[in-house]
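Enquirer: Here it is: the structure, laid out below.
Residue numbers (this note's numbering), protein chains in the order written: chain X, 1 to 459; chain R, 1001 to 1459.
Spelled out as structure tokens, the structure:
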């Protein structure tokens, strides 16, 4: 998979296949450092990191002992945090310093920002003075801000230069970033005025003014903007790179789309895990203890809301006592409500994240959800009415469950849309907190409606 | 927000603010075409599309009538499908043809692939012959394949050229793609051998061989690869662009990271909606009827599994009749099980999507989940035992609920991890089908364990 390899229709997913992992483990077991290097060297850093993550902790330790000196900065960057920390701890100081020095500033920041203070200092000390100041300045911006995400390596040129001047500058500059796709035009006060794509630079006459070639998609980001905003901006406007300015509007760095794509992916993971009540920092390599802790908080919240729902049931203990069919059927009402509520809530949380649900259409969308809830509530209520009436031979029981389902599914729709919107207005992540609220509402309304109606209409 | 505007620390999200939407609606109401153009022209196509999506259907119709001729291909590309179709229907043939011609081949494909046959022909006829053949050839590849995603506009150069030859070629070529970041090196048989980043091209001596400048990150994609695989590849290897080859290994097109980022975003939306049982093609602009239909399928599945759980309860109707406290407490057991199962399932579905959960670590991760389930089951069982014993004054009831919670949370963990893995092996999207299976298991096990233990230990 290296440059030299002809790309012979390879399978996309086989950068790291199970066979290679098996061979790696065998080489580690045999303490065969040479064979190990041969197996690992052709791999992309991302694949080496995946391999290190997937093998068992003892295998991992043995591999690092045997091959640790070859671990470079890129591999460290790709590793999951929970594994990166002990690994950094274990690496000899020179190996670590060497690994860090080859990284771009944004990768160093990504690497050190979650480390403990002591490890952080160890890494910063390994950097050259100018790089260290850059990293320290990035770390002074809030976590998850554009200032942390940006790299300081960029190409900025005076806005009044011509194509020829730009090409000569780039050609004679030894310290260009590894990757750059635009040259940024700046005013004498270092304020970015636009950018020119390299393709356009290459294909224009030398005497063309750079300012005539600026891309209309130009947008700047401020160091304090949240990285999730930045990812949204890249995806929405199809940006490839965006200059980052400091509080005074001066050029401070640049964010490229590959970093924005990484953030988008992380944001999605966070949303998904939060909606399921899983600690969003959790990882597959966490220990049992970390995992248990990460799950317990939400289970505690769920226990409290479940007890609340039980208290509603308890209000009607006598009703149930008189007709045990109610106990049999009541979970159906709550379950249907919970599911309908989750459907609406998920649509709402996603639409808020993509900025599709706005104050402009909130009322329209809410009405649609409530109407849908009423139609499905009516339809499934009818189905369930027939089943219940036949099952227990009590026609009125059918009427009760039909009405209860109608109420509950309307309440589910209402809760599913109103709660995420309200949380968003309160600046609480809707993904984090909507779930418990919505299921509490559907459980409570479901049991209340079903048992309450039963106590009035049946007994 | 145009190139000319100095980027004065603007708020990221204000490309489209509510005030501007209000002004647009007022201009539409007043039939003031001039004012409308003034308001819409400075906006990015993505923002115009958002605006069209967010206003009400009658406002939308009025806007299109007044401003329809200004709608360009980019705006059409950005629009949600459910709105795009009627809009294309409504546009005059010349406006449509004009709008389509300015698009890159991949955008035209994206635009036409979901249209009905008649509309598709209308658009294809508007294209010039060579473009039409390109689009038709892309449409011959399967939906959601790399062949559909790629653009045919690219810069391919002989692999034995020098930097000077490359620069001269680019400089004298009138028909370059709008955006390109690499030149692709090809063999005489048009097989891609590597690529060179434009930045490297610009900064190297004219006599350098291009083959000495090739990026190590080079990876090719095959036209038939799934677009989700492509998005994974870009994110995993931090690619900026990737050449696409046909079945014979010949260069057919190129995919750039902005398209891959769009796919990644869509894949996430799909996962999220599927896990919540919402039709993944649904959109906020769907009608009530479409929405109801999109939700009903999953609610039907849920109804069936809920009835199954009720049948378990019905087995113990007599037990409940003797002790109504069981009816009060049983939803707590099922609810905790459902939540724990959803937690594990979500982690598993995500880890399968990111290729972190593999045959290599499946057993290890499963054991971790089961252990976590047992610990949380024990802990929350204990808490609930004390609450139940105090609430109903029956110590043995506490023991029953504690044991039932332990069983249920272990079953939830087992189901939450095994079911997604099994579905993946069967080539069924784990996100689509895990939910109903897991909650059925937790409900059935929960009610069975709690009521079964109660019937043995309490009565």
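Built from N, CA and C at the ideal position, the CB exists for glycine as well.
Model, not experiment: these values are computed from the prediction.
Tell me which residues of the segment 50 to 76 of chain X have at least one Cβ-Cβ distance to chain R shorter than 8 Å, keeping chain order.
Expert: 50, 53, 54, 55 and 56
Enquirer: Thinking C-alpha only, which one of X:298, X:299, X:297 and X:184 is nearest residue 245 of chain X?
Expert: X:184
Enquirer: Find out if the Cβ-Cβ distance for the pair residue 1416 of chain R, residue 1371 of chain R is shorter than 7 Å.
Expert: No. Outside cutoff.
Enquirer: Would you kindly report the start and end of the unbroken alpha helix (DSSP H) that includes residue 210 of chain X?
Expert: Taken as a continuous stretch (DSSP letters only), residue 210 of chain X belongs to no alpha helix (DSSP H), as it is neither H nor E.
Enquirer: What do you reckon, are the CB atoms on residue 1021 of chain R and residue 1051 of chain R nearer than 7 Å?
Expert: yes
Enquirer: Take residue 1239 of chain R as the anchor and find which of X:181, X:230 and X:233 has the nearest alpha-carbon.
Expert: X:181
Enquirer: Here's the rule I'm using: 16 or more other beta-carbon atoms within 10 Å means buried, otherwise exposed. How should residue 1450 of chain R be labelled?
Expert: buried
Enquirer: What in chain R is Cβ-close to residue 331 of chain X, meaning under 9 Å?
Expert: 1306, 1309, 1310, 1313, 1330, 1331, 1334, 1443 and 1447
Enquirer: In chain B, which residues lie with their C-beta within 7 Å of the C-beta of residue 1395 of chain R?
Expert: In the structure shown, chain B does not exist; the protein chains are X and R.
Enquirer: Buried or exposed for residue 300 of chain X, please, with buried defined as at least 16 other CB atoms from any protein chain shown within 10 angstroms of its CB.
Expert: Its Cβ having fewer than 16 others within 10 Å, residue 300 of chain X is exposed.
Enquirer: Could you give the DSSP three-state label for residue 1431 of chain R: helix, strand or coil?
Expert: helix
Enquirer: Does the distance from the C-beta atom of residue 1434 of chain R to that of residue 1319 of chain R stay below 7 Å?
Expert: no
Enquirer: Is it buried or exposed for residue 1241 of chain R, if we count other Cβ within 10 angstroms and need 16 for buried?
Expert: buried
Enquirer: Between the C-alpha atoms of residue 1165 of chain R and residue 261 of chain X, what's the straight-line distance to the nearest angstrom?
Expert: 34 Å
Enquirer: From which residue to which residue does the alpha helix (DSSP H) around residue 1126 of chain R run?
Expert: Per DSSP, residue 1126 of chain R belongs to the alpha helix (DSSP H) from 1117 to 1126.
Enquirer: Hey, is the segment 1268 to 1287 of chain R in contact with the segment 345 to 357 of chain X, meaning 3+ C-beta pairs nearer than 8 Å?
Expert: yes
Enquirer: State buried or exposed for residue 1040 of chain R, treating a residue as buried only when at least 16 other CB atoms are found within 10 Å of its CB.
Expert: Counting every other CB atom within 10 Å of its CB across the protein chains shown gives residue 1040 of chain R a total of 16 or more, marking it as buried.
Enquirer: How about the segment 374 to 384 of chain X and the segment 1308 to 1317 of chain R: do they share at least three Cβ pairs that are nearer than 8 Å?
Expert: no
Enquirer: Kindly list, in the order they appear in chain X, the residues whose Cβ is closer than 7 Å to that of residue 1302 of chain R.
Expert: 335, 336 and 339
Enquirer: Return no unless some Cβ of chain R is closer than 7 Å to the Cβ of residue 327 of chain X.
Expert: yes
Enquirer: Comparing C-alpha positions only, which one of R:1118, R:1115, R:1208 and R:1219 sits nearest to residue 1160 of chain R?
Expert: R:1208
Enquirer: Which two residues bound the contiguous alpha helix (DSSP H) that contains residue 331 of chain X?
Expert: 325 to 353
Enquirer: Between the Cα of residue 1287 of chain R and those of X:364, X:249 and X:205, spot the shortest distance and give me the residue it belongs to.
Expert: X:364
Enquirer: Distance, Cα to Cα, residue 983 of chain R vs residue 1302 of chain R?
Expert: Given a span of 1001 to 1459 for chain R in the structure shown, any question on residue 983 of chain R remains unanswerable.
Enquirer: Can you tell me which of the three DSSP states residue 1182 of chain R falls into?
Expert: Here residue 1182 of chain R sits in strand by DSSP.
Enquirer: What would DSSP say about residue 1006 of chain R, mapped onto helix, strand or coil?
Expert: Low confidence applies here, because residue 1006 of chain R scores a pLDDT of 38, under 50, leaving its location unreliable and the question unanswered by this model.
Enquirer: Considering just the uninterrupted stretch of the beta strand (DSSP E) at residue 194 of chain X, what are its terminal residues?
Expert: Looking at the DSSP string, the run of the beta strand (DSSP E) that includes residue 194 of chain X is 192 to 197.
Enquirer: What residues from the segment 1075 to 1105 of chain R come within 7 Å of chain X, judged by C-beta to C-beta, listed N to C?
Expert: none
Enquirer: Quick check: is the beta carbon of residue 1295 of chain R nearer than 7 Å to any beta carbon in chain X?
Expert: yes
Enquirer: In whole angstroms, give me the CA-to-CA distance for residue 1426 of chain R and residue 1408 of chain R.
Expert: 26 Å
Enquirer: Using DSSP bridges, identify the partner residues of residue 243 of chain X.
Expert: X:254
Enquirer: Between which two residues does the beta strand (DSSP E) containing residue 1158 of chain R stretch?
Expert: It spans 1156 to 1158 - the beta strand (DSSP E) in which residue 1158 of chain R sits, taken as one unbroken run.
Enquirer: Between the segment 30 to 37 of chain X and the segment 1219 to 1229 of chain R, do three or more beta carbon pairs fall short of 8 Å?
Expert: No, because fewer than three Cβ pairs between the segment 30 to 37 of chain X and the segment 1219 to 1229 of chain R fall closer than 8 Å, the two stretches do not touch.
Enquirer: Kindly indicate which three-state DSSP category residue 1319 of chain R falls into: helix, strand or coil?
Expert: Helix at residue 1319 of chain R.
Enquirer: Are the Cβ atoms of residue 489 of chain X and residue 254 of chain X separated by less than 7 Å?
Expert: Outside the shown range of chain X, which is 1 to 459, sits residue 489 of chain X, and nothing can be said about it.
Enquirer: For residue 284 of chain X, decide whether its Cβ has a neighbour in chain R, counting only Cβ atoms nearer than 7 Å.
Expert: yes
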